[in-house]
Each structure stands twice: as structure tokens, then as C-alpha cells.
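Residue 182 in the UniProt record's numbering sits at position 182 of the sequence shown; the count goes up by one each step and never skips.
Okay, so here's the structure we're looking at.
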Amino acid sequence: MKVVTTKTLIIGAGPAGLAAAMELSRAGEDFLVVEKQDTVGGLARTYTFVEDDGSVFHTDNGPHRFFSKNRYLYDFIEDLIDEQWIVVDRQTRQLIDGKFYDYPVNPAQALRNLGPARSVRILVDYVRAKITYGLLRRPLTTFDDYVVANFGRTLGEFNMINYTEKIWGIPARTIHPDWAGQRIKGLSLTSLVREALGRTFRRRGAAAGGTPKSLVDRFYYPELGTGLIYDTIVERIRARGHEVLLSTEPLVVRHDGSRVTEVVLQTPDGPVLVRPENLVESVPLQDFVRLLEPEAPQAVRTANDRLTYRSQVYLFLTLDKPSVTTDQWIYFPSRETPIARVSEMRNFSARLSPEGKTSLFIEFFCTEGDELWETDEDALLELTLSHFEGLGLLERHEVRRHHLLRQRNVYPVYDLDYTGRLEVVKGWLDSLTNLHYIGRPGRFRYNNQDHSLEMGILTAKSIVEGRRYDIEKVGSESEYFEAGNLHAKEAGRATSAGAGRGV
């Protein structure tokens, strides 16, 4: 077996792993990157499909947009792709009870769609919730509690509780309130109304100071898809002499109880034994613990086995029509449709589809091995078309090609007991002093692209400087995750960048 020594082995070429690699490369450090897939980018990869007539379509692994309060991250990406990073005017909608609702909220539209009876019910339930959770101080012990306390039962079930249950596949009353703290912190009925009025009368929108981050209405996006960031990192680090091995995965991770000592990799050319001084990995936490030799203690293995993930199935449709909507993505909160979210990629960047053609990336939440996960491509297409034709979005003769994709371990499940289990697993892993487990999969923590990048950057600094940065604090700000500000220098460029490229 071939033996390799390196200062740092990085397992996983997603945002976190490649950000670490880029920073280590800049510092002149020795490292090796390996990736199980044949492409890089992880959950932020971009797929390319070349069809029989030569038409080329690109799609991300779901909708991605960049926003952050960390200026260093903007500089990090601009250094990589510069003018290929454009500013896009956001348009997002939700389809609820057969009607489209703008997001951020358009108050006139919302009131018209809701009607007076439901609007009154929303207000009454909100007052009732403020009494129950405010004056009477009922504790917030579940996601359901959190949503009802901030929006009332009627509005909460209208588009938050039902969509969240679709994501996780479990009732909202069994979901930990941490999920609310990450996804809707700072949002409430009053904040939504305040923001909507600000947009209507002051035209300030999400740029107004103190508004929740979820209401941003412009975002950054790479012209050729989010994967452009990670493809460029690989080009840069390879140009500096570093190896990035694709279609390569760990088989065994050996340790002596205090340090990782060896990692056995399966490469296309056979097994390789790597002896690293540091191991940086973003393998799904549950999978990583099972690679360890000797095994983790029984209590750790038991806690690890009880952590669960949700997976996704995707259907990518290429279409013989110039446009379906003007939205970047549309949510489908209703439990009546298995479709969760649809992205029209040309509305992120016109360069993702050929001229005169468009595409849809359609997402379904599932659990690995369940009925939806096992559904074949033709059946999933029929399921999709039965909904979309009824909505008037497209006709089946407009579909050029359809492509089925599956992705394991997309969402760590925040059930009511996950924190205790996670503390047991992480407490033991932290005893391996040269191990850095990062990213959404590696930390069993839902986060955004910018948080994964920041984890990777801080991990590289930890290795270079010989001291640990606390990556647990990354993304822990007590406000909604979907936040961020455009560069000050980009303020005047935003409109022209989007309009000039047809996005």
C-alpha cells in the first residue's frame, strides 16, 4: 500500500474543506485534499448537462445565494472570481392554497389573497399567542411553540409549520426550538408588517437598519453557478502544486485515543495510507464516527446512531421555452404536494441556460430509503408534471430532458433530543486534538454557505497559528440566518449588473 505523509489531510471538497485549503495554500502550508464525488463543491456544487443538440445547461444543487456580515468573505470570493460575481435582484414567492404570495411580503397582495375572514383570524390568534406566551409566560419548548408565539396559530400553520414538517418529516411539536432560533430568529408578525410598510412607503426594504436579515432583496451570485467558486479554488491550489484527489473516500480513520494517526483512503488507483499531522474533515458526522479505529466508546456510538438526517431527491428539467416565471425560486409549503421548492436557474444568471431556453430544478424532501427516495425518474416526472400543468407553469411537450439526482444527509434533524446526543459525540471527538470536523455535515449543524466558508478559514488559521479558533460560534448570531449586506462599493453596481446580464 502506498504511504503518504502530509501536514494536513482535508477530507471533503465542499465549501468548508476548500476554504480551509485555500487559506492553507496562501500560507504556504503542506496539505492534501480528497473528495468522494467526481466533482467539488459539496452541497454547493454546480452540475453541467450537455444535451444531444449541443445545448448546455447548468444548475446548482438547489438555490444558492451569498450574503454575509463578514467582509473578509466577500473579499475572499472576489479574489477568486472577481467580475464573474454579479448582483441579482431577488424575487421569491410561495404558492399557498393555489395563490402566489410575494416574499418579502407585499401587504396589499397578502390581504387580497387572504381575504378579510382569514386576516381577522390571523390577528386574533396573534393576540391570543401574545397573551399565552407573553403575559402568561408559557415556555417555548418546541418549534411549534416558537412559531405560534411569534405569529399565532393561523399564520404559523399557513406557511411555516407545514413547510418545516415537510422538510423534517416529523411533527413541529417534536422539532427542537433551535431550528426556529436559526431560521426565523428576529421575525414575527409585527416585524413582517413593519418591513412591508417600510417597503411600501419608504422604499427602503431590507436595507433599513435593524430589519431581519431574511428580508434582503439583493444577493451575490457567480455567473456560471455557485460551483464556480469551488472549481476556481481547485484550479488555484493545483497551480501551486497541491493535490486534489476526486473519487476518493476514507475507509478507516485510526487514532491512539488522543490524536488521529492514519487514514486509509480508497482512490481510483487503489488504497493509500496517509499519515497526517492534522485531519480536517466534513464527512457527515454519523458516517465519520463509524470510520474510527478503534471504535468510539459504546455511549458515543449509541448517541451517534440516534442522530438522523433528511435527504433530498431532485428532478432537473430542461425546457424549450424562454421563461417559466421571473422568480429565482418558489416554495410549496402545502402538505398536499410533495414538491418542496423549485428554482428557475436562468433567473439567477442568464448564462445558466442557452438563449431562448430555461430550466427548473425541483426539490423533494425525503428520508434515504423511503418511497420518495426510491421513486424512479419517469414516475417523478409524471408527479411533477401533474402539478405544474395544473398550475399553468408548463406543458409536457416543452420538456426537453429530465435528470434525476439524489443527495444523502442534506439536513441534520433537530429533534427534541438531538442536543444531548450531539454533546456526547462532539465531547468525545474533541479529545482527538488534531481533528477538525467542520461544515454542515461535519458538525451536524444546519448552516449557510458563508458559515461553512468561515469555518474552513478559521480552521486553517488554527493550523497555521497553532491555536484553536472557536468555530462553534460561527453562525450563532441571535438573528435569522438569511442575512447580509452588499458591499458598500457595490451599491451603485447592483441594478446594472442584474439588468445587464438578464437576471
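No residue lacks a Cβ here, since even glycine has one placed at the ideal position from N, Cα and C.
Since we're looking at a predicted model, the values are computed, not measured.
*Rounded C-beta distance between Leu292 and His255? I'm assuming under 8 Å.*
6 Å
*Minimum C-alpha distance to Glu51 - residue among His397, Ile362, Gln449, Ser353*: Ser353
*asked:* When you compare the CB positions of Gly475 and His436, do they come within less than 7 Å of one another, or not?
replied: no
*Does DSSP classify Phe151 as helix, strand or coil?*
helix
*Which of helix, strand or coil does DSSP assign to Leu416?*
coil
_Segment limits, beta strand (DSSP E) that includes Glu249_ = 249-255
_I want to know whether the stretch 367-383 touches the stretch 279-293 - three or more CB-CB distances under 8 Å._
no
*Glu374 lies in the alpha helix (DSSP H); which residues open and close that run?*
371-374
*Do you know whose CA, among Val4, Leu432, Leu123, Gly115, lies nearest Ala296's CA?*
Leu432
*For Ala340, three-class secondary structure by DSSP*: strand
*Where do the ends of the beta strand (DSSP E) carrying Tyr133 lie?*
No beta strand (DSSP E) holds Tyr133; DSSP gives it neither H nor E.
*Going straight from the alpha carbon of Asp470 to that of Ile457, what length do you get?*
12 Å
*Please report the residue range of the beta strand (DSSP E) in which Pro276 lies.*
270-281
*Determine the contact status of Ser349 and Thr318, defining contact as a CB-CB distance below 7 Å.*
no
*Taking contact to mean at least 3 C-beta pairs separated by less than 8 Å, is the stretch 391-409 in contact with the stretch 310-327?*
yes
_Limits of the unbroken beta strand (DSSP E) element including Thr318_ = 309-319
*Can you check whether the CB of Pro222 is closer than 7 Å to the CB of Pro84?*
The question names Pro, but residue 84 in the sequence shown is Gln. Taking 7 Å as the Cβ cut-off, Gln84 and Pro222 qualify as a contacting pair.
_Between the alpha carbons of Tyr103 and Gly42, how many angstroms are there, rounded?_
28 Å
*Taking Pro177 as the reference, which of Leu416, Ile438, Gly442, Lys461 has the closest Cα?*
Leu416
*By the 10 Å Cβ neighbour count, where 16 or more other Cβ atoms means buried, how is Leu251 classified, buried or exposed?*
exposed
*Compare the Cα-Cα distances from Leu9 to each of Val272, Gly181, Pro268 and report the closest residue.*
Val272
*Test item: CB-CB of Phe143 and Leu189 under 7 Å*: no
*To the nearest angstrom, report how far apart Ser119 and Asp231 are at their CA atoms.*
48 Å
*Cross-strand partners of Val56 (DSSP beta bridge)*: Val50
*Hey, Arg421 and Arg346 are a contact pair by Cβ (cut 8 Å); roughly how many whole angstroms apart?*
42 Å between Cβ atoms; not a contact.
*Proximity winner among Ile229, Gln312, Ile362, Thr46, relative to Val410 (alpha-carbon distances)*: Gln312
*If you count every other CB in all the chains shown that lies within 10 Å of the CB of Ser258, and 16 or more means buried, which is it?*
exposed
*Which residues bound the alpha helix (DSSP H) around His387?*
377-391
_For Gln109 and Tyr414, I'd like the C-alpha separation in whole angstroms._
34 Å
*Would you mind stating whether Thr6 and Leu24 have Cβ atoms separated by less than 7 Å?*
no
_Whether Ala379 touches Phe364 by CB criterion (7 Å)_ = no
*Going by the CB atoms, is the gap between Thr267 and Leu246 shorter than 7 Å?*
no
*Any idea if Ser386 is buried or exposed, counting beta-carbon neighbours within 10 angstroms, 16 or more meaning buried?*
exposed
*Residues that Gln407 bridges to, as DSSP identifies them*: Gln312
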